[in-house]
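**Student:** Same order as they appear, the protein sequences are chains Y and L. Residue numbers for the first sequence follow my numbering, beginning at 126 and rising by one. Residue numbers for the second sequence follow my numbering, beginning at -12 and rising by one. Pasting a structure here, questions to come.
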Amino acid sequence: MDKKSVSILVVEDSHFMSGLIEKALNSAGYSNTHIAISGNQALKMLEKTTFDIIFLDINMNDGDGISTLAEINRKFYNEGSLKPKCIIVSAVDQDDVRKEVSGLGAFGYIHKPFNDEDIVNHADKAASVIFK
Amino acid sequence: MKKMTELEKDALNEITNIFSYRTSIALEKLIKGNVELSVNKKQIVTLDSSVYSQKSPLMYLGIYSNIRESNLKGNVLLAFPKESALYLYDRLVDLENGSTKVVDDEVKNVLGEVGNVVAGNILGVLNKLLGINSMHTIPSVVPSFGDQLYDFVYFDVEDDKKKAMLIEVDTTFNLDGYEIKGESIMLLTHDSFENLLIAIKKKAGEIK
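Below, the structure is given as structure tokens:
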């Protein structure tokens, strides 16, 4: 698998945090990265572009990430799994929320603060499932 | 406020220790450096009797989130002197210490995300330890936090702010030789604080 060909969308309203995620991915060879600053913007981008992996924040100014995930689930749930692979990146550390996003097909959950390795390991794992 | 039992005091003390530790770990990961933590003072008092009912000119910048969707109602706050806030910003965005002089929208954006991470971690502790579900709002950053805390807290109109409980941890974080002073504060309505104590007693098996 060529990491450059994996298209990744980072949905995060803090440009500081989206910058950290993008930097970690780029350093690991995932150079095809895009940023959306809200769930609504992400959904608009998904109408025009296909992404393999989405890193999605929950607590955002413009709508919450759970609603965005539900909408992605509604539109892109196919053949028993969610494509693209959605990885939640959130400061929220509540069991109920983890269960809810898991029920909506989230592929992984990264708790803020994170290490670069957390981001890259989840990207690797998702990419290996997509391109197996 | 009625007198707390030894169990309640011990549990709250432990929870505040974990708050500080989690905040320290959060900062370490965000700045990608070493953070040493020392707790200067911890106190649990009514808001009315706290220093924050007066003006607190040393604490220049406040980052606060409202707690919602649970039986806890109140705020999670971080407060910093100006120098500490600006130094933290410089470290977070890899600028030389002293580069940033004013708290503009960019500084608020970055420090707001620090508040988001810390608030999520603090509420996560209550979820893991006591099974309390709660969510926090996107943080607001207030650059003139030295004014009365009353101006910034969000409670329902019917809540009596004077009876609100303040759990305050005064901390110094040493970031590679530079000291950042800050306070992490959880402010709860009186009823919410009672709910917290009930959750502690349930967890300890004192009540069902």
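All C-beta atoms, glycine included, are put in the ideal place defined by N, C-alpha and C.
Look up Tyr8(L) in the DSSP assignment and say whether it is helix, strand or coil.
**Tutor:** Three-state result, Tyr8(L): helix.
**Student:** Using a beta-carbon distance below 9 angstroms, is Val105(L) in contact with chain Y?
**Tutor:** It does; some Cβ of chain Y falls within 9 angstroms.
**Student:** Which chain Y residues are close to Ala13(L), counting only those with a beta carbon under 8 angstroms from its beta carbon?
**Tutor:** Neighbours of Ala13(L) on chain Y, chain order: Lys237, Pro238.
**Student:** Going by other Cβ atoms of all chains shown within 10 Å of its Cβ, with 16 needed for buried, is Asp138(Y) buried or exposed?
**Tutor:** Classification for Asp138(Y): buried.
**Student:** Assuming Leu150(Y) contacts Thr158(Y) under a Cβ cut-off of 8 angstroms, what Cβ separation, rounded to an integer in Å, is found between them?
**Tutor:** Rounded, the Cβ-Cβ distance is 5 angstroms, consistent with contact.
**Student:** In chain order, what residues of the region 157 to 174 of chain L put their CB closer than 7 angstroms to some CB of chain Y?
**Tutor:** Answer in chain order: no residues at all.
**Student:** Does the region 241 to 249 of chain Y touch the region 3 to 13 of chain L, meaning 3 or more C-beta pairs lie closer than 8 angstroms?
**Tutor:** As far as the Cβ criterion goes, the region 3 to 13 of chain L does not touch the region 241 to 249 of chain Y, which means the pair count is below three.
**Student:** Compare the C-beta of Val80(L) against all C-beta atoms of chain Y and say whether one is closer than 9 angstroms.
**Tutor:** Closer than 9 angstroms: yes.
**Student:** For Tyr74(L), does the three-state DSSP call read helix, strand or coil?
**Tutor:** It is helical.
**Student:** Measuring alpha carbon to alpha carbon, tell me which of Ile212(Y), Gly188(Y), Asn240(Y), Ile244(Y) ends up nearest Phe176(Y).
**Tutor:** For the residues Ile212(Y), Gly188(Y), Asn240(Y), Ile244(Y), the minimum Cα distance to Phe176(Y) belongs to Ile212(Y).
**Student:** Would you check if there are 3 or more beta carbon pairs closer than 8 angstroms linking the region 75 to 89 of chain L to the region 228 to 244 of chain Y?
**Tutor:** No, the region 75 to 89 of chain L does not touch the region 228 to 244 of chain Y.
**Student:** For a test of the three-state rule: what should DSSP assign to Gly233(Y), helix, strand or coil?
**Tutor:** Strand, per DSSP.
**Student:** Look at Tyr165(L) and Asn84(L) and say whether their C-beta atoms are less than 9 angstroms apart.
**Tutor:** Yes, the pair counts as a contact, with Cβ atoms nearer than the cut-off.
**Student:** Helix, strand or coil for Asp241(Y)? Go by DSSP, reduced to three states.
**Tutor:** DSSP places Asp241(Y) in helix when its eight states are reduced to three.
**Student:** Please report whether the beta-carbon of Met126(Y) lies at a distance below 9 angstroms from any beta-carbon of chain L.
**Tutor:** Taking Cβ atoms only, chain L never reaches closer than 9 angstroms to Met126(Y), which makes this a no.
**Student:** Take Val128(L) as the anchor and find which of Ile109(L), Asp147(L), Val63(L) has the nearest alpha-carbon.
**Tutor:** Cα-wise, what sits closest to Val128(L) is Val63(L).
**Student:** By Cβ distance below 6 angstroms, which residues in the same chain neighbour Phe180(Y) in space, the five residues on each side in sequence not counted?
**Tutor:** Correct list, in chain order: Val135, Ile146, Ile212, Val214.
**Student:** Report yes or no: is there a C-beta of chain Y within less than 9 angstroms of the C-beta of Glu181(L)?
**Tutor:** Closer than 9 angstroms: no.
**Student:** For Ile269(L), name the three-state secondary structure that DSSP assigns.
**Tutor:** Residue 269(L) lies beyond the stretch modelled for chain L, which goes from -12 to 195, so this question has no answer here.
**Student:** Return the first residue and the last residue of the beta strand (DSSP E) that Lys148(Y) is part of.
**Tutor:** That residue, Lys148(Y), is in no beta strand (DSSP E); its alpha helix (DSSP H) goes 140 to 152.
**Student:** Going along the chain, which residues of its own chain have a beta-carbon closer than 8 angstroms to the beta-carbon of Ile133(Y), five neighbours each way excluded?
**Tutor:** If we look at Ile133(Y) and ignore the five residues flanking it on each side, its Cβ neighbours are Leu150, Tyr155, Asn157, Thr158, His159, Phe176, Asp177, Ile178, Ile179, Phe180, Ala248.
**Student:** Which residues in the same chain as Ala231(Y) place their Cβ atom closer than 6 angstroms to its Cβ, once the five residues preceding and following it in sequence are excluded?
**Tutor:** Excluding sequence neighbours, Ala231(Y) sits near Cys211, Ile213.
**Student:** At the 9 angstroms Cβ level, is Lys189(L) part of the contact set with chain Y, yes or no?
**Tutor:** With 9 angstroms as the cut-off, Lys189(L) does not count as an interface residue toward chain Y.
**Student:** Residues of the region 209 to 232 of chain Y with a CB closer than 8 angstroms to any CB of chain L: list them in chain order, please.
**Tutor:** Answer in chain order: Ser215, Ala216, Val217, Asp218, Gln219, Asp220, Asp221, Val222.
**Student:** Just to make sure I have the definition right: I need the residues of chain L whose C-beta is within less than 8 angstroms of the C-beta of Phe141(Y). Which are they?
**Tutor:** Near Phe141(Y) (Cβ distances below 8 angstroms), the residues of chain L are Leu79, Val80, Asn96, Val97, Glu100.
**Student:** Span of the beta strand (DSSP E) holding Thr159(L)?
**Tutor:** Here the beta strand (DSSP E) through Thr159(L) covers 152 to 162.
**Student:** Between which two residues does the alpha helix (DSSP H) harbouring Ile167(L) extend?
**Tutor:** First-last for Ile167(L): 165 to 175, but that is the beta strand (DSSP E), not the alpha helix (DSSP H).
**Student:** So Glu100(L) and Met142(Y) are in contact, right, with Cβ under 8 angstroms, and what is the actual spacing, rounded?
**Tutor:** Confirmed, Cβ separation roughly 5 angstroms.
**Student:** Please state whether DSSP places Phe67(L) in a helix, a strand or coil.
**Tutor:** Strand.
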